[in-house]
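Numbering (full-length UniProt numbering), first residue to last: 1 to 613.
Built from N, CA and C at the ideal position, the CB exists for glycine as well.
A quick write-up on the structure given underneath.
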């Protein structure tokens, strides 16, 4: 009996002890939802046919144990946020219930001091919003909070932020002057260690880094090289992962862009044998428009949107300048020929960036500005996409390819048709695709196809929009901020605009160009090597000929190079009908004549020898 009593007592003690161990962990499975966005660029209230921030706010409120974060480029973009220099964006984000954001490169477009102000104001009041970035320094000190822990039902979720080192070249230089963007891999390693010391059960990196292979390092590199990150919520490359991308033990998620999707990550947590909280399962998906629109607009967010739009109406009517003639941005014209508005935009790009050449697709010009006062509303109507100005380095040959792409379906209207600055070009629509450009001139001279030029354009075609070749393959040199802002500043400075069409784009064949005494760049580039070869052969022939032949050759070369004031190559390309034998024909005749003379001399010597014998 005593033994039985002892056994019962031991069992009771064991049960009690095990329950006490379990009580330090979770009583049951815990599910936590993290909603995320990235690269919104001001698209918070685009209308009933789009996901709006009001839909997202309702989704967040109706989901228990949920957290909402943004991975950058959320403060700048469309007029709804630009006009308040990010203030309206912060108000909307806070109203929607966001917990954290990590600053992206475009969030610096208002300047670093303005971003610091927005960060401080975001963390005040009832709904606090924290800016997290652990790798941005000024004078040796971090400028934002590095990390934070959010606790839900006993689970500690540690968040830290990382911003792209590309920010220095992907916003205006002055916007980040004095800031240092440290290596994100090193910063991530430090943050994981620090959050573990603080007792984080789950570690989440909010990164504006991207997965583009041109970005070094990118978020995939971070996942591969830094142990202990459970989840990377990513932005910058506008990548869309339907169900995330698993890299080792790290899940990388990204929604694409422009609030086209809402990201959702589900974390299921449990306690292990010794009471530590662990992730049993993590899954990711994208909530698309159809599902998101089932959630009604949050009333408080809608009210805030209406207030902002009412304020905007007054700003949009502000007069910034005057134009002495109508600036043509009509759909038909900007997609088929040179227009004065296209010239104005191209020249503004050159003025802003100091680039060698500017290229701007007609599809990004969406309205005409009538003669008279120019308002901010006019600028917004012309540029509704909130593009940015960027520069890339392209060779002359790549520029030719880009221009070929712009005219390949002419005379049909094409959004890829290019308005230009710093160059002029002619094309012949009768030629086949890829061979239509007949001349590219820069400062009155043919474009050097081997030389590299700094080219200013918009971020849309720079990233491969309108299926442009070459552009997306080359890295961005610098970013110069919002296009509308640059145009507005230029017009405000000039006050009066008087722009005309000045012959930058035209339709002419090679023969027409030659007959007009204009050298075709295409001909020059294709025959440069053969010209050099012919000149080398001439040099060798000159050395072996007598003085009379030298005189004949000099006369021939002088005639060929100066005939009617045109170049050697043009003379070679002229039609035989003109009576001009052409440069290469003259060489052939000279060589044949020389050979015949040599043969005759040799035969005469042979005859003399025979006679003497």
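Quick one: what does DSSP say residue i is sitting in, helix, strand or coil?
{"i": "residue 100", "result": "strand"}
{"i": "residue 174", "result": "helix"}
{"i": "residue 478", "result": "strand"}
{"i": "residue 58", "result": "helix"}
{"i": "residue 288", "result": "coil"}
{"i": "residue 52", "result": "coil"}
{"i": "residue 120", "result": "helix"}
{"i": "residue 41", "result": "coil"}
{"i": "residue 283", "result": "strand"}
{"i": "residue 641", "result": "Residue 641 lies beyond the stretch modelled for the chain, which goes from 1 to 613, so this question has no answer here."}
{"i": "residue 351", "result": "helix"}
{"i": "residue 141", "result": "strand"}
{"i": "residue 467", "result": "helix"}
{"i": "residue 84", "result": "coil"}
{"i": "residue 36", "result": "strand"}
{"i": "residue 375", "result": "strand"}
{"i": "residue 458", "result": "strand"}
{"i": "residue 302", "result": "helix"}
{"i": "residue 491", "result": "helix"}
{"i": "residue 307", "result": "helix"}
{"i": "residue 30", "result": "strand"}
{"i": "residue 253", "result": "strand"}
{"i": "residue 365", "result": "coil"}
{"i": "residue 72", "result": "coil"}
Between residue i and the rest of its own chain, which residues show a CB-CB distance below 7 Å, the 5 nearest in sequence each way excluded?
{"i": "residue 404", "result": "434, 436, 437"}
{"i": "residue 121", "result": "90"}
{"i": "residue 218", "result": "209, 210, 211, 212"}
{"i": "residue 483", "result": "383, 387, 388, 389, 458"}
{"i": "residue 511", "result": "none"}
{"i": "residue 177", "result": "none"}
{"i": "residue 347", "result": "421"}
{"i": "residue 83", "result": "312, 315"}
{"i": "residue 189", "result": "226"}
Report, in whole angstroms, the separation of the C-beta atoms of residue i and residue j, which I expect to be a contact under 8 Å.
{"i": "residue 264", "j": "residue 35", "result": "6 Å"}
{"i": "residue 454", "j": "residue 54", "result": "The pair is not a contact, with the Cβ atoms about 43 Å apart (cut-off 8 Å)."}
{"i": "residue 130", "j": "residue 100", "result": "5 Å"}
{"i": "residue 257", "j": "residue 238", "result": "4 Å"}
{"i": "residue 364", "j": "residue 460", "result": "6 Å"}
Classify residue i as buried or exposed, calling it buried when 16 or more other Cβ atoms lie within 10 Å of its own Cβ.
{"i": "residue 112", "result": "buried"}
{"i": "residue 174", "result": "exposed"}
{"i": "residue 126", "result": "exposed"}
{"i": "residue 227", "result": "exposed"}
{"i": "residue 353", "result": "buried"}
{"i": "residue 479", "result": "buried"}
{"i": "residue 39", "result": "buried"}
{"i": "residue 430", "result": "exposed"}
{"i": "residue 214", "result": "exposed"}
{"i": "residue 469", "result": "exposed"}
{"i": "residue 475", "result": "exposed"}
{"i": "residue 306", "result": "exposed"}
{"i": "residue 49", "result": "exposed"}
{"i": "residue 79", "result": "buried"}
{"i": "residue 490", "result": "buried"}
{"i": "residue 128", "result": "exposed"}
{"i": "residue 361", "result": "buried"}
{"i": "residue 439", "result": "buried"}
{"i": "residue 192", "result": "buried"}
Leaving out the 5 sequence neighbours to the left and right, which residues in its chain are closer than 8 Å to residue i when beta-carbon positions are compared?
{"i": "residue 251", "result": "230, 231, 232, 244, 245, 265, 282, 284"}
{"i": "residue 65", "result": "30, 31, 32, 33, 152, 153"}
{"i": "residue 372", "result": "322, 323"}
{"i": "residue 195", "result": "147, 149, 158, 160, 203"}
{"i": "residue 58", "result": "295, 296, 297, 298"}
{"i": "residue 356", "result": "422, 442, 453, 454, 455"}
{"i": "residue 221", "result": "185"}
{"i": "residue 393", "result": "452, 453, 454, 455, 474, 477"}
{"i": "residue 402", "result": "359, 394, 418, 468, 469, 470, 471"}
{"i": "residue 507", "result": "426, 427, 428, 429"}
{"i": "residue 139", "result": "178"}
Using a Cβ-Cβ cutoff of less than 6 Å, which residues in the same chain neighbour residue i once the five nearest sequence positions on both sides are dropped?
{"i": "residue 289", "result": "51"}
{"i": "residue 414", "result": "335"}
{"i": "residue 338", "result": "501, 504, 505"}
{"i": "residue 180", "result": "137"}
{"i": "residue 451", "result": "396"}
Which full runs of the alpha helix (DSSP H) of 4+ residues lie inside the stretch 155-243, going along the chain? Entirely contained in the stretch 155-243, the alpha helix (DSSP H) runs reaching 4 residues are, in chain order, 184-197, 219-225.
Write down every uninterrupted run of the alpha helix (DSSP H) in the stretch 380-451 whose length is 4 residues or greater and which is fully enclosed by it, in chain order. List check, alpha helix (DSSP H) in window: 396-407.
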